[in-house]
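K.L.:
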Amino acid sequence: MSILSELKDTLHPCLLARIHHSYPPPPSTPSTCDDGFVLYLPTVSLRIDQNPSFALACHVANLKKVPLVVLAVVLDDSHHQRTHNSHVGNASKVVMTSRRLAFTLQALSHACQRWSQHGAAVGIRIHASSDKQSHRRKVTAARTPDHLTLAARSLFVVTDEPFVSPYSVMVRKVEEACRKSGVECVRVDGSCTVPPLQVLRKNHCVEGSGVLFEGVPNKAYQWQIKTEHLRMGHLKAAMEGCFDAPELEVTMEDEEMFLPVKATNSPTHLSSELSWGQRLAHLFPSRWKPVAIADMDGDSRTDSSLSSLPNAPDMRPFTSKELSHLFCCDDYFDVDADGTQTLLDESNQLLPQNTKAKETVDAITQSNSITTPFHKFALHWPGADSTVPPVKHTIGTTPNGMARWNTWVQNGGLSRYAKERNDARNNLNGVSRMSAYLNLGIVSIFRLVWEVKQNQTKSGSSAKSKWKTGADKFEEEIVKFREHSYAHAFSRLDYDDVSSLPRWSVQYLDNESVTGKYTVSQLASGATECNKWNSMQTYLVRTGELHNNVRMTWGKSVVEWGVAESRDGTSTPSRSILQALCYLNDRFALDGLSPPSYGGLLWCMGWTDKPDSNGGVSPKPAYRYRMTPDDFEEAETRLQASCPRSDPTSKDDPGRKSSVNIKRQPSLKDVIDASNHSKGQFSENRPDAQYSAIKSTLSTPKAEKRKATIESFFQKKIPRNGQRIMPIN
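Quick note on UniProt numbering: the sequence shown kicks off at 1 and runs consecutively.
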């Protein structure tokens with residue numbers, strides 16, 4: 001009987017449906033252990049609330065009455081050797097940019113503090129590609145796979161369902177280490193409202209096809225229909241606390257992972273007098289232990305007064321307290337000239353874990369001491385690509401993510417989504433901008449979809465209704481399209497390769513009509529002949545974002561042009577295009593390296609689509625896009641100015657172009673439409689009353705151009721549908 005089978009009667013069915021065994025589990029260990037621990041390796045569920053992975057790990061730890069150890073590993077390039085990086089540069093330029101590193105550490109700073117407060121021992125390893133002397137601090141190459149060592153020595157291992165590389169590569173290596181050591185290891189899905197595992201059929205003939213699971217339909221709406229009957233059950237389970245972690249019966253401090261091994265010959269002494277950290281000291285890597293330093297007489301001693309911990313996070317992990325400190329101060333590279341460690345107290349001992357209090361978490365969410373957490377660290381960390389710097393407008397903690405969501409909903413973003421989602425020029429926040437938070441599991445997908453469902457109920461929307469509300473349209477994005485892409489990535493090894501595209505698309509793109517107009521370098525630097533596309537790329541490079549509507553045109557333009565790259569005998573025009581798109585998106589976008597990103601890029605090449613009238617991929621040329629280069633510059637200025645707020649109840653919406661945030665400014669279309677409908681935006685329907693109502697709202701400086709346009713419209717008496725609107729004298 002496996003460990004998980006012992007818990008089946010106590011876990012909620014919706015939690016059980018999320019647990020994925022990739023290999024047969026070994027027999028269970030004894031009911032309790034004196035020197036074991038449960039290991040949780042988080043990758044894409046960086047939160048504590050409604051986190052099924054962390055909840056399961058706590059359940060198992062309580063069952064075995066052992067501590068829970070959480071080790072977060074921030075990967076660089078060694079786990080991302082996929083095909084789409086084969087000719088566009090090394091993978092570190094994708095996985096570990098300074099932008100992605102800062103955002104990930106921001107997320108971990110909050111999540112790890114909460115996990116530690118819950119009673120788990122938490123460590124954070126950050127991989128580095130090489131030794132480097134940076135700003136007077138020596139950083140040693142840090143790719144030692146400590147997570148594999150711990151996995152092989154643990155009683156039970158829990159990971160997040162990874163879906164895509166580099167996380168999937170790491171998880172497969174963990175599973176292999178566990179299988180060889182006879183340790184049970186499971187993946188748990190915390191990214192989808194309905195886990196694909198619950199719906200799909202496992203393919204037992206994977207070799208050659210790349211298909212791991214069967215049953216994913218070609219169309220997104222078909223996947224939504226296929227899973228809808230299960231969705232509310234999972235949402236209710238999440239909102240009722242079934243995905244929340246139980247209180248840990250055995251707790252352990254972060255610093256106890258670094259305690260030296262003490263020899264003892266007494267089993268009674270081992271079980272009754274030693275702390276859990278001392279009992280487990282032999283299971284943690286020796287390189288994490290204190291190192292002896294010489295006293296004044298030249299003798300080497302390891303007592304507490306003359307020993308120090310190895311450098312973190314290259315030799316040993318950061319503790320949650322250290323990471324929280326760096327969030328607020330970002331002073332890792334501000335050390336003494338001799339490189340002395342600065343996070344130790346006067347006795348050369350690590351600050352005691354029991355001093356970490358709730359105000360540390362509050363400092364993360366409310367402190368104004370620093371507005372760019374981890375920016376300095378990320379820019380100087382060896383191996384991180386500092387040419388892609390962190391962004392100031394997005395901080396990757398759960399409170400900041402929920403503040404963005406709440407502000408967007410309170411300001412009417414959800415209710416107006418159907419009307420404003422494609423207006424990238426006038427309203428930056430016509431979309432929620434939540435994708436980066438969702439892709440790393442910083443914000444709970446269950447909470448957001450639950451609120452969307454509640455909004456649909458209040459507005460009386462119906463699936464059979466011809467007219468869709470804002471919540472209906474948003475549900476299409478967050479459920480239909482997003483979760484279909486997760487099912488695609490879950491079911492295939494080639495989720496980001498042209499082999500997953502329809503045959504007609506590949507045949508069309510591989511013919512001579514695609515000439516390969518620009519190189520990847522030209523595309524990355526925005527050096528094409530199309531100024532509008534260059535503006536899109538510049539916006540992505542500088543902000544880490546692209547509006548949903550803009551990204552479609554951005555991607556399809558590259559598909560139309562093709563990519564000029566030297567062929568190695570195996571590459572094709574279609575593969576070069578997809579490789580380039582994945583590289584550009586994954587490197588610069590905060591929401592890259594995720595199933596929704598790959599789904600969107602594949603769609604640009606014909607995935608889930610049908611051929612146009614010419615049998616090819618439908619075009620969306622950038623030169624026809626309605627925004628000008630000046631519009632993109634203005635949008636970037638507004639985005640960069642929209643710094644995160646400490647008050648999540650603020651109703652200001654700096655992303656809107658107008659100074660009037662809640663009430664939408666009437667457009668020229670409103671003027672025309674109001675003259676032809678008996679009911680509309682305004683209570684009076686006479687042309688003079690309509691014009692007066694519109695004119696009264698156009699009082700801001702930014703509206704002068706619009707005002708002049710409307711007045712010119714009335715003066716010229718432009719006809720519409722045989723009618724004329726008379727000007728007001």
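Where is the CB? At the ideal position from N, CA and C, for every residue including glycine.
Could you check whether PRO317 and LEU39 sit closer than 8 Å to each other, using their CB atoms as the reference points?
P.N.:
The answer is no: Cβ separation not under 8 Å.
K.L.:
Would you check if the region 600-614 and the region 549-558 touch, i.e. whether three or more CB-CB distances between them fall below 8 Å?
P.N.:
Short answer: they touch.
K.L.:
What are the start and end residues of each continuous alpha helix (DSSP H) run of 4 or more residues lying completely inside the region 214-265, in chain order?
P.N.:
Those alpha helix (DSSP H) runs which fall completely within the region 214-265 and span 4+ residues are 220-239.
K.L.:
For LYS202, list the residues DSSP reports as bridge partners.
P.N.:
Paired residues: PHE213.
K.L.:
Where does the unbroken alpha helix (DSSP H) through VAL449 begin, and where does it stop?
P.N.:
Run containing VAL449: 445-459, per the alpha helix (DSSP H) assignment.
K.L.:
For the alpha helix (DSSP H) that VAL74 lies in, which residues bound it at each end?
P.N.:
Looking at the DSSP string, VAL74 is not in any alpha helix (DSSP H); the run it does join, the beta strand (DSSP E), is 68-74.
K.L.:
What separation, rounded to the nearest whole angstrom, lies between the Cα atoms of VAL60 and THR394?
P.N.:
When rounded, the distance between both Cα atoms is 35 Å.
K.L.:
Kindly indicate which three-state DSSP category CYS185 falls into: helix, strand or coil?
P.N.:
Strand at CYS185.
K.L.:
Is it buried or exposed for SER324, if we count other Cβ within 10 angstroms and need 16 for buried?
P.N.:
Buried, because 16 or more other Cβ atoms sit within 10 Å of the Cβ of SER324.
K.L.:
Compute the distance between the beta-carbons of THR543 and LEU440, then report whether it is under 8 Å.
P.N.:
Their beta carbons are not under 8 Å apart, which means THR543 does not touch LEU440 by this criterion.
K.L.:
Going by other Cβ atoms of all chains shown within 10 Å of its Cβ, with 16 needed for buried, is residue 732 buried or exposed?
P.N.:
Here the chain covers residues 1 to 729 and nothing more, so residue 732 does not appear.
K.L.:
Is the beta carbon of PRO596 closer than 8 Å to that of PHE163?
P.N.:
In this structure, PRO596 does not lie closer than 8 Å to PHE163 by Cβ.
K.L.:
Give me the Cα-Cα distance between VAL139 and ALA312, rounded to the nearest whole angstrom.
P.N.:
If you take the alpha carbons of VAL139 and ALA312, they lie about 9 Å apart.
K.L.:
Is the distance from the Cβ of LEU56 to the Cβ of PHE37 below 8 Å?
P.N.:
No.
K.L.:
Any contact of the region 245-258 with the region 114-125, i.e. 3+ C-beta pairs under 8 Å?
P.N.:
Taking 8 Å as the limit for Cβ pairs, the verdict is that the region 114-125 does touch the region 245-258.
K.L.:
Note the first and the last residue of the continuous beta strand (DSSP E) segment covering VAL122.
P.N.:
121-126 is the span of the beta strand (DSSP E), which, as asked, contains VAL122.
K.L.:
Mark PRO719 as exposed unless 16 or more other C-beta atoms lie within 10 angstroms of its C-beta, in which case mark it buried.
P.N.:
Since pLDDT at PRO719 reaches only 47, below the 50 mark, its modelled position is unreliable, and the value read off the structure follows with that caveat. With fewer than 16 other Cβ atoms within 10 Å, it is exposed.
K.L.:
In three-state DSSP terms, what is SER308?
P.N.:
SER308: strand per DSSP, three-state reduction.
K.L.:
Where does PHE333 sit, in a helix, a strand or coil, going by DSSP?
P.N.:
Coil, per DSSP.
K.L.:
Comparing C-alpha positions only, which one of LEU280, LEU523, ASN511, GLU249 sits nearest to VAL261?
P.N.:
With distances taken between Cα atoms, VAL261 lies closest to LEU280.
K.L.:
Could you tell me the distance, in whole angstroms, from the CA atom of ASN614 to the CA atom of GLY606?
P.N.:
Between ASN614 and GLY606, the C-alpha separation is close to 13 Å.
K.L.:
Helix, strand or coil for THR553? Go by DSSP, reduced to three states.
P.N.:
The answer is helix: DSSP assigns THR553 an H, G or I state.
K.L.:
Please return the same chain residues whose Cβ sits closer than 7 Å to the Cβ of ASN265, not counting the five positions on each side in sequence.
P.N.:
Unreliable positioning characterises ASN265 in this predicted model, as indicated by a pLDDT of 47, which lies under 50. A coordinate reading is not provided.
K.L.:
If you follow the beta strand (DSSP E) that TYR40 is in, where does it begin and where does it stop?
P.N.:
It spans 38-41 - the beta strand (DSSP E) in which TYR40 sits, taken as one unbroken run.
K.L.:
Under a Cβ-count criterion, where at least 16 other Cβ atoms within 10 Å of its own Cβ denotes burial, should ASN549 be classed as buried or exposed?
P.N.:
Buried, by the Cβ-count rule.
K.L.:
Could you pull out every residue in the same chain whose Cβ sits closer than 7 Å to the Cβ of GLY215, ignoring the five residues on either side in sequence?
P.N.:
So the qualifying residues of the chain are VAL199, LEU200, ARG201.
K.L.:
Check for me: the beta strand (DSSP E) holding THR159 runs from which residue to which?
P.N.:
First-last of the beta strand (DSSP E) with THR159: 156-160.
K.L.:
Go ahead and label LYS358 buried or exposed: buried means 16 or more other beta carbons lie within 10 angstroms of its beta carbon, across all protein chains shown.
P.N.:
Reliability fails at LYS358, whose pLDDT of 44 lies under 50, so the model's placement of it is uncertain and no value is given.
K.L.:
Using the beta-carbon count (16 or more within 10 Å), is THR387 buried or exposed?
P.N.:
Exposed: under 16 other Cβ atoms inside 10 Å.
K.L.:
Whole angstroms is fine: what's the gap from ILE225's alpha carbon to THR159's?
P.N.:
For ILE225 and THR159, the distance between alpha carbons rounds to 29 Å.
K.L.:
Taking C-beta to C-beta, are PHE103 and LEU235 nearer than 8 Å?
P.N.:
No, Cβ-Cβ distance for PHE103 and LEU235 is not below 8 Å.
K.L.:
Rounded C-beta distance between TRP276 and MET252? I'm assuming under 8 Å.
P.N.:
Indeed, because the Cβ distance is near 5 Å, the residues count as touching under 8 Å.
K.L.:
In chain order, what residues of the same chain lie with their CB nearer than 7 Å to the CB of TYR623, ignoring the 5 residues before and after it?
P.N.:
Answer for TYR623: CYS530, LYS532, listed in chain order.
K.L.:
Can you tell me whether MET627 is buried or exposed? The criterion is at least 16 other CB atoms within 10 Å of its CB, across all chains shown.
P.N.:
Buried: at least 16 other Cβ atoms inside 10 Å.
K.L.:
Relative to the C-alpha of PRO290, which residue among MET315, GLU273, ASN51 is closest?
P.N.:
Of the listed residues, the one whose Cα sits closest to PRO290 is MET315.
K.L.:
Just to confirm, are CYS58 and ALA237 a CB contact at a threshold of 8 Å?
P.N.:
Cβ atoms of CYS58 and ALA237: not closer than 8 Å.
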